[in-house]
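Asks:
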């Protein structure tokens, strides 16, 4: 996981997507096994709705409206219910989840987001230390500016990203103790960004790009049980 692809540092979606893509790569390297249950359910809901719509269309095209008429209303209701369930699952169950997996040190689920005009990586982590069947899920919210692991010209650097995750998330840190940095959460760069008012928030990307490697080492983390 090295800096190989240059992205546009003014694009929050590029910053977030590139970072999201680095998450499973890093955890796979740490021998976490990804769990695809949530994704499988979402795909099942979506594909079932598409199959129903396609089957009705084919039946109507093959046998005509009169033959397909009795099946139209039930198919429309089923399609509507499946799409409602799909939307609910996407927004309220997955809720931005980009990774779920389990390793020797425990289970972890990671959901990420980034607010418009604020180049801050927001991460909600739910984890259970090993042994998973005897532990209780814990939740923390962590955040850091993208400039912690992106260079000023748009290259992703894996090491600081790995150090941040290992230092903030216990089950990751236990799997990768060499990347744990004890004082990684001390600093004020994130706080300065988050305190920007609505009037000048649109300038944040410019300010952070200009700061480049000058970003303070801390992430202004918020940790809660």
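Residue numbers (our numbering): 602 to 826. Beta carbons are placed, not taken as given, at the ideal position from N, Cα and C, and that holds for glycine.
Going by alpha carbons, who is nearest to residue 651 out of 632, 622, 682?
Replies: 682
Asks: Which complete beta strand (DSSP E) runs does the stretch 688 to 753 hold, if anything under 3 residues is left out?
Replies: 698 to 704, 707 to 714, 721 to 730, 739 to 746
Asks: To the nearest angstrom, how far is it from the Cα of residue 707 to the Cα of residue 633?
Replies: 9 Å
Asks: Rounded to whole angstroms, what's the CA-CA distance from residue 742 to residue 714? Just pull it up for me.
Replies: 11 Å
Asks: Quick one: what does DSSP say residue 632 is sitting in, helix, strand or coil?
Replies: Residue 632 falls in the coil class under three-state DSSP.
Asks: Using only the alpha-carbon positions, how far apart do residue 662 and residue 614 sit?
Replies: 41 Å
Asks: Can you tell me the Cβ-Cβ gap for residue 719 and residue 623, rounded? I've got them flagged as a contact below 8 Å.
Replies: Their Cβ separation, rounded to whole angstroms, is 20 Å, which puts residue 719 and residue 623 out of contact at 8 Å.
Asks: For residue 685 and residue 635, I'd like the C-alpha separation in whole angstroms.
Replies: 27 Å
Asks: For the stretch 688 to 708 and the stretch 746 to 766, state whether three or more C-beta atom pairs, one from each stretch, are separated by less than 8 Å.
Replies: no
Asks: CB residue 712 to CB residue 731, shorter than 7 Å?
Replies: no
Asks: Whole angstroms are fine: how far does the CA of residue 710 sit from the CA of residue 680?
Replies: Those two C-alpha atoms are separated by around 30 Å.
Asks: Hey, residue 676 and residue 653: beta-carbon distance below 7 Å or not?
Replies: yes
Asks: Using CA coordinates, which residue listed in 606, 752, 674, 738 is at the minimum distance from residue 770?
Replies: 738
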